[in-house]
Structure formats: C-alpha cells, structure tokens
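Since the structure comes first, as structure tokens, the remarks are kept for the end.
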Amino acid sequence: MSISCGTGRRVINPEIGHKLCGYGPYANTGVHDDIVVTALWLDDGRQRAVMLNYDLLGLRAITSKRIRAAVAQAVGIPIARVFTVCTHVHSGPDVIELNVYGDGPNPECRADYLERLIGWSTQAATDAKAGAEECTLRYNFADTDGNMNRRFNFPDRRGAYIPDNKQLIGQSREYVDREFGIIALRKKGTLNRYKAIITNYTCHPLCVGNSSDLVTADFPGVMRRTIEDTFAGCLCLTTTGAAGDNHPLMPESGFDGAADMGRRLGRLAIMRTYDSVAADDQSLRLAHVDVSMALRDETTSAMQPEAMARTRALTKDRTPKRTEISLIGLGPVLLAGFPGEPMAEQGAMLKWMSPFLKTYAMFTATDSLGYFPTTNQFLWGGYETNTSLFAHGTGDALVRDILAAAHRLVAEQPLTLSTTDGAFEDGSPAT
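The working numbering puts the last residue of the sequence shown at 437; the count rises by one with no breaks.
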C-alpha cells in the first residue's frame, strides 16, 4: 500500500512596516529569515486533501475559510478537505482579521497582505498537487527536553509567569509534554528519499522574543532548514502541539537560542526519521466538525484568585461561540486541530484517550481564539486564565469533541495495526 503525496511552498514575508503580531503591534524593520506557507497534497485513492502549514500567529476562521475555499477551487477538492494550521510564531505579520477580544475588525491586519496570502496558498497547493509521487507513510516519536511549563504556583494560590520571572526557569512542577512526533512520507522504492516530513512538538515558538523587530520563523524555521538540508527534495511541515502553557526552556534567548533549539530538534527529527516505521495503514481519515464554546461567566470569574480576573467585565452577549475543530488521520496517526491554544494537559488527555495509535494536537489550526485553560487551572489563576474568553471546562469539552469525532472516524473505517509474535519487556509472550 502507498499514498500519493506532493509538496509546495511560497515565502510569505510582509512588507517593511507591517505590524508584527504576538508580543505587541511593533512595525517590522526587515526579515531575519523567511516565513513560509508549506502545502501538502495527500491522496490515498479514496480521499484527497491539502494541509497548509503557516509561519503565522494564527488565522481567524473567517480568514481560514476564504483561503480554504480558494485552495479547494484551485485543486478541485471540497473545502472540507483543505486544512490549515499555524506554528503560532510571534514574529510574523498581524493577520488576525477580527479582534479576538471584541467583534470589530483589527486595524493592524492589512487586507492587501491577506489577498497575497490567499494567492501564495493556492500557488503552493497547486504545486503540491502537480508534483505528487507515490510514497510510504511512516512514523516515529521521541522525547526531548527543550521545553518547560511556564506556570509556577505557590500553595497560597499566588502564581508566577516564568517568562517574566526567568530566575524560576527549571523550577516549575507543572506538566510538560516532551514528546516529539514525526510523520514521514518516503518516496516509494527508495531508502532515504522523503517527499515530506511533519513534526509536532509542544512548545510555544518563542526563542527569539520581543527584543527584535525582525520577521522570523523562530526555532521551527531552523528545524525545518536543518531537516531539508539533509533530505534532498523534502519539505518539512512544523506543527505546534498543545503548547498553551509550554514554553522553550530558554525563552526569549534571541536568534542564537532559536538556532540552538531548532538545530537540536532538527537533528532529532533526522535520526528518528531514519528509524521510522512503515504504517500498515496508509489511509486518510478526515473531518471538520462544528463545535460550540461557552463564553466566560460569573462562576468562572469567581473561581480565580486574582482580583483583576474576578472583577473583569463579562460580555453582555453570552451566546456560545461557534467554530470548528479539524481531524487529519494519516494511517494510525491523528493530527487534531484546535481553534486556538489548548494546554499541554489537554493534549495529554487527547493522547491517552484517543482511538488512534498516536495523536497530536495542532495549535491554532481552525481559528485563533486564545487560551483554553483546564478547569483546575482556573482555580490557580495566571496569565492563561486571566485572558481567556471562555468558561471553565470549555477546553476540556473541546478534547471530548475531538475524541468523539476520532471514534466516529475509526468506527467508519477501522485501523489496520501491526501485531507481533515477540515478547514484552517483562518476558511474557505476546498474545
């Protein structure tokens, strides 16, 4: 069995002066390294799809849907089979078309840039379809300690945000997801010729920090170049896991910090691609699913320890927000797209409860709606809970929504998984 795969790419650098998005509305003064959109075309003989990976903070659903519609028309597939995901880099142009904290347009988002972005996306997708080759789907995973949980809690419910209190680096005991996931599409009939490699790591791409006004892809860009320099003809898509509370171990350490982390992760990806395993299942399982998200309420505000969070004005219109989640099943591996920023704890629950062999959250995939803290995190407060638009339990409900959709996909098309006649580590025979 095999899967047809193609790749395409366009540079998406903004003009000088376009405000950056993430730390604040700083006008960019130039480009340190290119930011890109990378398109992946997939065809298993039954379904066809395009995945678009952006070096951007995020895209609001209204923007994502315009891009998806244009790409769908260009390559001849339904809009439901076009998927977007952003790395969440904080050193790219402001593309948040509608304000997250309000309903009006964002004045820092430039319409001319969005039109160019749509064009770049369709060009990359068209190239990906045109250059498709038969490939074998492979996968692997590893652990690496390049990240940390950025929340530090004291027993009396005081907290510290570690990026602003760097003396606490290495001291947090909150959950860290150190799994590094790899999906490799190797050209059929070759030993180490890859068409595409997808990585997933649970870490905000914030090595460079807010001390620079240059456009950069941060450590994912360095990782991507490291991988592509090794594997001729391969393009790498870098996805961010459920990194709402997971940060680089050396946050805001500058371009050298981004280079160090990116090269280290790139080398890890190369090594684990070499010993990746061919999937017995080469099929696509795909979905976009509508979801409803409850907005912040009095109960949620009352849970928090900080006065500013408890007294924060609530929106008058409490109508639940409607958006989407996305599911890209590549054989036994599921990429699950969130409409914003889930926590690492939620990503772990998704992994533990999933009907797929391996499951990875995708940050800022279908929308860019900010943080989805866990229910317990609202009791401890902190940056993520103070700024969240949503009621406690909303992020946890998103996990349940994704799991329900994942179970439906597997029920409709059961996975084909390998078996073994070997022994487990304790010496007992496999049954």
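Cβ coordinates follow ideal geometry from the N, Cα and C atoms, glycine included.
Run of the beta strand (DSSP E) containing residue i, from where it starts to where it stops
{"i": "H294", "result": "L290 to M299"}
{"i": "K201", "result": "Y200 to Y207"}
{"i": "A86", "result": "That residue, A86, is in no beta strand (DSSP E); it is neither H nor E in DSSP."}
{"i": "A166", "result": "G165 to Y167"}
For residue i: DSSP bridge partner residues
{"i": "P254", "result": "N153"}
{"i": "K357", "result": "Its beta-bridge partners do not exist; DSSP assigns none."}
{"i": "P99", "result": "L26"}
{"i": "A190", "result": "R144 and I203"}
{"i": "S10", "result": "D49 and E140"}
{"i": "E185", "result": "D149"}
{"i": "P111", "result": "L104"}
{"i": "L421", "result": "In the DSSP output, where bridge partners are listed per residue, L421 has none listed."}
{"i": "T90", "result": "L58"}
{"i": "L220", "result": "G36"}
{"i": "Y160", "result": "Looking at the sequence shown, residue 160 is not Tyr but Phe. Its beta-bridge partners do not exist; DSSP assigns none."}
{"i": "T365", "result": "L340"}
Local Cβ density within 10 Å of residue i, reported as buried at 16 or more and exposed below that
{"i": "D287", "result": "buried"}
{"i": "Q310", "result": "buried"}
{"i": "K135", "result": "buried"}
{"i": "W358", "result": "exposed"}
{"i": "V61", "result": "Position check: residue 61 holds Asp in this sequence, whereas Val was assumed. By the neighbour-count rule (16 or more Cβ atoms within 10 Å), D61 is buried."}
{"i": "R157", "result": "buried"}
{"i": "N206", "result": "buried"}
{"i": "Y145", "result": "buried"}
{"i": "F384", "result": "buried"}
{"i": "Y200", "result": "buried"}
{"i": "E121", "result": "exposed"}
{"i": "S70", "result": "buried"}
{"i": "N382", "result": "exposed"}
{"i": "L46", "result": "buried"}
{"i": "Y280", "result": "exposed"}
{"i": "P326", "result": "exposed"}
{"i": "M355", "result": "buried"}
{"i": "N159", "result": "buried"}
{"i": "S217", "result": "exposed"}
{"i": "A33", "result": "exposed"}
{"i": "L197", "result": "exposed"}
{"i": "I83", "result": "buried"}
{"i": "E418", "result": "exposed"}
{"i": "Q173", "result": "exposed"}
{"i": "A265", "result": "buried"}
Test: residue i CB closer than 7 Å to a CB of chain B
{"i": "T196", "result": "Looking at the structure shown, chain B is missing, and only one protein chain is on hand."}
Extent of the continuous alpha helix (DSSP H) run through residue i
{"i": "D118", "result": "A117 to A136"}
{"i": "A371", "result": "Counting along the chain, A371 falls outside any alpha helix (DSSP H), and DSSP gives it neither H nor E."}
{"i": "T246", "result": "From DSSP, T246 is part of no alpha helix (DSSP H) but of the beta strand (DSSP E) over L241 to T246."}
{"i": "A249", "result": "From DSSP, A249 is part of no alpha helix (DSSP H); its letter is neither H nor E."}
{"i": "D235", "result": "D224 to T236"}
{"i": "K172", "result": "K172 -> no alpha helix (DSSP H), and no H or E assigned at all."}
{"i": "V81", "result": "A67 to V81"}
**Request:** Give, in chain order, every unbroken run of the alpha helix (DSSP H) that is at least 4 residues long and sits entirely within the stretch 273-353.
**Result:** The qualifying runs are 304-309 and 313-316.
**Message:** Under 8 Å, with one C-beta from each stretch per pair, do the stretch 35-55 and the stretch 287-302 reach the 3-pair mark?
**Reply:** Counting Cβ pairs under 8 Å, three or more are found: they touch.
**Whole runs of the alpha helix (DSSP H) within the stretch 374-410, excluding any shorter than 4 residues** = Taking only runs of at least 4 residues, the alpha helix (DSSP H) segments lying wholly in the stretch 374-410 are 381-386 and 389-393.
**Request:** Pair every Cβ in the stretch 303-323 with every Cβ in the stretch 368-375, then say whether three or more of these pairs are closer than 8 Å.
**Result:** By the C-beta criterion, the stretch 303-323 is judged not to be in contact with the stretch 368-375, since fewer than 3 inter-stretch pairs fall below 8 Å.
**Request:** Kindly confirm or deny that the stretch 374-385 and the stretch 411-431 touch, where touching means at least three C-beta pairs closer than 8 Å.
**Result:** In this structure the stretch 374-385 does not lie against the stretch 411-431, because fewer than three pairs of beta carbons, one per stretch, are closer than 8 Å.
**Message:** So within the stretch 14-58, which uninterrupted beta strand (DSSP E) runs reach at least 3 residues, ignoring any that extend past its ends?
**Reply:** Counting only runs of 3 or more, we get 26-28 and 42-49.
**Sufficient close CB pairs (3 or more, under 8 Å) joining the stretch 214-225 to the stretch 93-105** = Result yes; three or more Cβ-Cβ pairs closer than 8 Å.
**Message:** Does the stretch 390-401 come into contact with the stretch 260-275, if we say contact requires no fewer than three beta-carbon pairs (one atom in each stretch) closer than 8 Å?
**Reply:** Pairwise C-beta distances place the stretch 390-401 out of contact with the stretch 260-275, as fewer than three of them are shorter than 8 Å.
**Message:** Would the stretch 234-244 count as touching the stretch 167-185 if we require 3 or more Cβ pairs under 8 Å?
**Reply:** Taking 8 Å as the limit for Cβ pairs, the verdict is that the stretch 167-185 does not touch the stretch 234-244.
**Request:** Evaluate contact between the stretch 339-351 and the stretch 243-253, counting only Cβ atoms and requiring at least three cross-stretch pairs below 8 Å.
**Result:** A contact between stretches requires three or more CB pairs, one per stretch, nearer than 8 Å, and the stretch 339-351 meets this requirement with the stretch 243-253.
**Request:** Would you be able to state if there are at least three C-beta pairs under 8 Å between the stretch 18-27 and the stretch 109-129?
**Result:** Result yes; three or more Cβ-Cβ pairs closer than 8 Å.
**Prompt:** Touch check for the stretch 303-317 and the stretch 267-284: three-plus C-beta pairs under 8 Å?
**Reply:** Under the three-pair Cβ rule at 8 Å, the stretch 303-317 does not count as touching the stretch 267-284.
**Contact the stretch 70-80 vs the stretch 108-118: 3+ CB pairs below 8 Å** = Three or more Cβ pairs closer than 8 Å define a contact, and the stretch 70-80 falls short of that threshold against the stretch 108-118.
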